Amino acid sequence: MNIVNISGFLGSVCSAIALMPQIYKVYKLKSAEALSFLMLFNYLLSSICWMIYGISIYSNFIIFSNIISFLCIVTLIIQKKHYED
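For the sequence shown, our numbering gives the first residue as 5, with consecutive numbering after it.
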């Protein structure tokens, strides 16, 4: 594995796990009041665009990390809707 692949792998892992602490915090506090729907929508749109780009250039690193990010964002959106009620 060369330095480019290693950096791509590390970037993918960091991107994939970036929102997991937020998911845990929202779950523990039972509140997502501080989360903005605009921010979540922006992350969701960004993740979708990156997935399309990753698919178009056949980059497993980009595809994998953005599938995980997409699932995390959807989880946060569900949590926000659930705890708002």
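Idealized CB from N, CA, C, for every residue including glycine. If you're wondering where the values come from, they're calculated on a predicted model, not measured in any experiment.
Proximity test, residue i beta-carbon vs the ligand ZN heavy atom, cut-off 8 Å
i: N6; result: This structure lacks the ligand ZN, and indeed carries no ligand of any kind.
Under 9 Å between C-beta atoms of residue i and residue j
i: F74; j: M55; result: yes
i: L80; j: L33; result: no
i: I71; j: Y57; result: no
i: F13; j: M24; result: no
i: V30; j: Y87; result: yes
Helix, strand or coil at residue i [DSSP, three-state]
i: S50; result: helix
i: L44; result: helix
i: S73; result: helix
i: A20; result: helix
i: L39; result: coil
i: I10; result: helix
i: K29; result: helix
i: M5; result: coil
Integer Cβ distance of residue i from residue j, believed to fall under 8 Å
i: I21; j: Q83; result: That belief does not hold up - the Cβ atoms of I21 and Q83 are roughly 17 Å apart, past 8 Å.
i: I77; j: Y47; result: 5 Å
i: S19; j: S60; result: Wrong, their Cβ atoms sit about 18 Å apart, outside the cutoff.
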